[in-house]
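Quick note on my numbering: the sequence shown kicks off at 1472 and runs consecutively. The block underneath contains the structure these notes are about, expressed in structure tokens.
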Amino acid sequence: MILLYGDLGMQEFTDMLASGRFEDPQLAKRHSFRVVERNAAALARLGDMIFYYAELGMQEFRSSALLAETLASGGFEVERNLSGFPTGFMARYGNGDPVIALHCEFDANPGNSQVPGRTERAEIVSGAPGHCEGHNVNAAVTITAALAIKSAMTSFGIAGTLKVFGAPAEEQLISRPYFVRDGHFDDVDIAFHAHIMDAFRTEYGVVQLGMMSVEFTFLGMASHAAMSPWEGRDALDAAVLMDVGMAQFREHMRPGMSAHRVFTEGGTQPNVIPARATCWWFFRDRSPEGVRALFEQGDRIARGAAMMANCELETSVMAGVWPVRCNETIARAIQRNIEAIGMPAWTPEEQDFARAVQTNAGKKAIGLRDAASPLAGPSEPMAASNDCGDVSWVVPMGRIWFPSNIPNAAFHHWSAGAALTTSIAHKGAVAGAKALAASALDFLTSAEAVREAWRTFRIEIEGIEFRSLLPAAQKPPVELNRGLMERYRPLMEPHYLQGRPEFAFSEGG
Ligand SMILES: [Zn+2]
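Dropping the structure here:
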């Protein structure tokens, strides 16, 4: 019995039985903290392994397999290929209500290869993808928290269901809207998202913008650019004209809207008139109607550009996500846990490392934060988006920002990759996993807390009915990033970490 209940002594456990406090969240939380602490090395290893896999969205085969297998060997029932995503999964443990969902991403970014532990720009593999934000740590925190919650549920006889989602291609804002559209959140009562940050904090309100990701492909006719240009129809002309149209339109965008693009196809050599040109746009706003209106304007401009260049147009919506909103009731529960756990104690070496990275990145050398942040809300949305937005309009959702990165290191810049396998990331991850486990246990053990979150959620969404921005028949873009990943994977493989994270799954944690 003492073994079974980990940090509870026999007397304490007998008292608990006598008092009927099976669902006392404090005991369950303490237990989950012990599980996280005992598994700190495995948590670190899991995040580090995914760091070196550095797989781009839709191509996260190794990362996804490692996470799914870790959950399966921890006693979760795992469904792979979720919603037609080869790298998507859902793991489930337990039965009945309440249903608590944790969801995480694990993708890297192109051109972000960075040697961790170095205080200046240094690539592991030149030009390769890499983690310079920290989704590797997000996944490790979420999976470790899930294992700790499951251990607490088993040890304390806590009823309910825990669902853990592995969400591919967050950087392209792709997968979670499909999971929502396909009903995987229909039975969920409360959802949580944990994301790396340089602070330990939470917030409520609309915290990130909605977005549509759209590819515009112009189709023309090739011909010799010098000898018979009149025979050709130049698809690149159409793409350029769309760009001009969007640039003119910027003045008329509502404040808070934003749009940005890359050209992904535009011909191969100058003496062949390009028969195909593609530009890929992100359209953002704080409301789903604004996102849709901005996309529709972009589509009108694209059609006009195609007409001017005598080309055809194919418009493909790759992703559509609602703004991210966080529920106040859940945020208050998270905040209590963050304050109880506290910021990790940083060593002088960790502070020196952070200051060196900040200095070399041309930023103020303020070091690492030494205290958790106060509750923020209602928040002003940050300029970025996250594909968990859809989740947050169908179920009350909480967000934990955990302190595994360096202040003033901008995401997708080398400086935000420098700490990702160091003790800074590892200590922040322990704090994050504890906060996530404790917050989930708050709602698993209290039907009243779940009811209160739903009461405030209904007020917060002001009667707005969620309607997916995805076209109904849209399929996951499974080919996305395939070529890029195939090119770099063989060069990256020699750097992979060997061995697996060794989690201790005994019920004592
Ligand atoms: Zn992110």
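Virtual Cβ for every residue (Gly too), placed ideally from N, Cα, C.
- Task: Check whether the Cβ atoms of Phe1873 and Ala1572 sit closer than 8 Å, and answer yes or no.
- Result: Within the sequence shown, numbered from 1, the residue matching residue 1873 stands at position 402. Within the sequence shown, numbered from 1, the residue matching residue 1572 stands at position 101. No.
- Task: Go ahead and label Ile1935 buried or exposed: buried means 16 or more other beta carbons lie within 10 angstroms of its beta carbon, across all protein chains shown.
- Result: The count along the sequence shown starts at 1 and reaches residue 1935 at position 464. Classification for Ile1935: exposed.
- If we count the other Cβ atoms within 10 Å of its Cβ and call it buried at 16 or more, is Thr1735 buried or exposed? One-based indexing of the sequence shown puts residue 1735 at position 264. Around the beta-carbon of Thr1735, fewer than 16 other beta-carbon atoms lie within 10 Å, marking it exposed.
- Same chain, Cβ closer than 7 Å to Ile1713, five either side skipped, listed in chain order: Numbered from 1 along the sequence shown, position 242 holds the residue referred to as residue 1713. At residue 1713 the sequence reads Met, which differs from the Ile that was named. For Met1713, the CB contacts under 7 Å within the same chain, skipping 5 residues up- and downstream, are Phe1687, Cys1750, Ile1772, Ala1773, Ala1776 in chain order.
- Message: Please tell me whether, using a cut-off of 7 Å, the distance from the CB of Asn1876 to the nearest non-hydrogen atom of ligand 1 is below it.
- Response: Counted from its first residue, the sequence shown places residue 1876 at position 405. Between ligand 1 and the CB of Asn1876, the shortest heavy atom gap is not smaller than 7 Å.
- Query: Pro1815 bridges to which residues according to DSSP?
  - Reply: As a working note, residue 1815 is residue 344 in the sequence shown. According to DSSP, Pro1815 bridges with nothing at all.
- Counting only the same chain and skipping the five closest in sequence on each side, list residues whose C-beta sits under 7 Å from that of Glu1810. Mapped onto the sequence shown, residue 1810 falls at position 339. Answer for Glu1810: Ala1843, listed in chain order.
- Residue from Met1529, His1606, Val1635 with nearest C-alpha to Glu1550: By 1-based counting over the sequence shown, the position of residue 1550 is 79. Relative to Glu1550, the option among Met1529, His1606, Val1635 whose CA is nearest is Val1635.
- Any non-hydrogen atom of ligand 1 closer than 7 Å to His1666 Cβ: As a working mapping, residue 1666 is identified with position 195 in the sequence shown. It does: the Cβ of His1666 is within 7 Å (strictly closer) of some heavy atom of ligand 1.
- Task: Specify, as a first and last residue, the run of the alpha helix (DSSP H) that His1731 falls within.
- Result: Within the sequence shown, the letter at position 260 stands for residue 1731. Annotation for His1731: no alpha helix (DSSP H) segment contains it, though the beta strand (DSSP E) segment containing it runs 1729-1736.
- Query: Buried or exposed: where does Asp1436 fall if 16 or more other Cβ atoms within 10 Å of its Cβ makes it buried?
  - Reply: Given a span of 1472 to 1980 for the chain in the structure shown, any question on residue 1436 remains unanswerable.
- Nonlocal neighbours in the same chain, by C-beta distance under 6 Å from Tyr1967, ignoring five residues either side: Along the sequence shown, one-based indexing puts residue 1967 at 496. Same-chain partners within the cutoff: Tyr1523.
- Item | Backbone CA spacing between Gly1567 and Ala1630 [nearest angstrom] | For this step, residue 1567 is matched to residue 96 along the sequence shown. For this step, residue 1630 is matched to residue 159 along the sequence shown. Looking at the two C-alpha atoms, the distance is approximately 7 Å.
- Nearest to Leu1707 (by Cα), restricted to the options Asn1781, Ala1825, Thr1632, Ile1620: Taking the sequence shown and counting its residues from 1, one reaches residue 1707 at position 236. Leu1707 has its Cα closest to that of Asn1781, out of Asn1781, Ala1825, Thr1632, Ile1620.
- Locate the beta strand (DSSP E) running through Asn1566, then write down its first and last residues. Taking the sequence shown and counting its residues from 1, one reaches residue 1566 at position 95. According to the DSSP assignment, Asn1566 belongs to the beta strand (DSSP E) that extends over 1560-1566.
- Counting only the same chain and skipping the five closest in sequence on each side, list residues whose C-beta sits under 7 Å from that of Thr1786. Here the question's residue 1786 lines up with position 315 in the sequence shown. If you ignore the 5 residues before and after Thr1786, its C-beta comes within less than 7 Å of the C-beta of Val1685, Phe1687, Asp1770, Ala1773, all in its own chain and listed in chain order.
- Measure the C-alpha to C-alpha separation of Phe1650 and Phe1656 and round it to an integer number of angstroms. Translated into the one-based positions of the sequence shown, residue 1650 becomes position 179. Translated into the one-based positions of the sequence shown, residue 1656 becomes position 185. Taking the straight line joining both Cα atoms gives about 7 Å.
- Under the three-state reduction of DSSP, which class applies to Glu1674: helix, strand or coil? The residue labelled residue 1674 in the question sits at position 203 within the sequence shown. The DSSP-derived three-state label of Glu1674 is strand.
- Around the C-beta of Gly1559, are 16 or more other C-beta atoms found within 10 angstroms, so that it is buried, or is it exposed? On the sequence shown, position 88 is the one that residue 1559 refers to. Counting every other CB atom within 10 Å of its CB across the protein chains shown gives Gly1559 a total of 16 or more, marking it as buried.
- Query: Among all the DSSP beta bridges, which residues are the ones paired with Ala1790?
  - Reply: For the purposes of this step, residue 1790 is taken as residue 319 along the sequence shown, with counting starting at 1. Beta-bridge analysis with DSSP links Ala1790 to Ser1684.
- Which of helix, strand or coil DSSP assigns to Thr1893: For the purposes of this step, residue 1893 is taken as residue 422 along the sequence shown, with counting starting at 1. Secondary structure of Thr1893 (DSSP, three-state): coil.
- Could you tell me if the beta carbon of Glu1604 falls within a distance shorter than 7 Å of some heavy atom in ligand 1? Sequence index remark: in the sequence shown, residue 1604 carries index 133 (1-based). The answer is yes for Glu1604.
- Terminal residues of the alpha helix (DSSP H) in which Val1431 lies: Residue 1431 is absent from the structure shown; the chain starts at 1472 and stops at 1980.
- Identify the continuous beta strand (DSSP E) that holds Val1865 and give its terminal residues. Against the sequence shown, residue 1865 aligns to sequence position 394. Here Val1865 belongs to no beta strand (DSSP E); instead the alpha helix (DSSP H) covers 1862-1865.
- Message: I'd like the span of the beta strand (DSSP E) that includes Pro1874, first residue to last.
- Response: Here residue 1874 refers to the residue found at position 403 of the sequence shown. Where Pro1874 is concerned, the enclosing beta strand (DSSP E) stretches over 1868-1874.
- Message: Using only the alpha-carbon positions, how far apart do Pro1569 and Ser1729 sit?
- Response: Working through the sequence shown from its first residue, we reach residue 1569 at position 98. Working through the sequence shown from its first residue, we reach residue 1729 at position 258. Going from the Cα of Pro1569 to the Cα of Ser1729 covers about 38 Å.
- Can you check DSSP and say which residues form a bridge with Leu1690? Sequence index remark: in the sequence shown, residue 1690 carries index 219 (1-based). In DSSP, Leu1690 forms a bridge with Arg1747, Glu1783.
- Under the three-state DSSP convention, the category Leu1941 falls into: Position 470 of the sequence shown, counting from 1, holds the residue named residue 1941. In the structure shown, Leu1941 sits in coil (DSSP, three-state: anything other than H, G, I, E or B).
- Residues bridged to Thr1632 [DSSP beta-bridge criterion]: Sequence index remark: in the sequence shown, residue 1632 carries index 161 (1-based). In the DSSP output, where bridge partners are listed per residue, Thr1632 has Gly1565, Val1570.
- Message: Please report the distance separating the alpha-carbon of Gly1791 from that of Met1698.
- Response: As a first step, residue 1791 is located in the sequence shown; it is residue number 320 there, counting from the start. As a first step, residue 1698 is located in the sequence shown; it is residue number 227 there, counting from the start. Our two residues, Gly1791 and Met1698, have alpha carbons roughly 44 Å apart in a direct line.
- Within 7 Å: the Cβ of Glu1576 and any heavy atom of ligand 1? Sequence index remark: in the sequence shown, residue 1576 carries index 105 (1-based). Because some heavy atom of ligand 1 lies under 7 Å away, the Cβ of Glu1576 counts as near it: yes.
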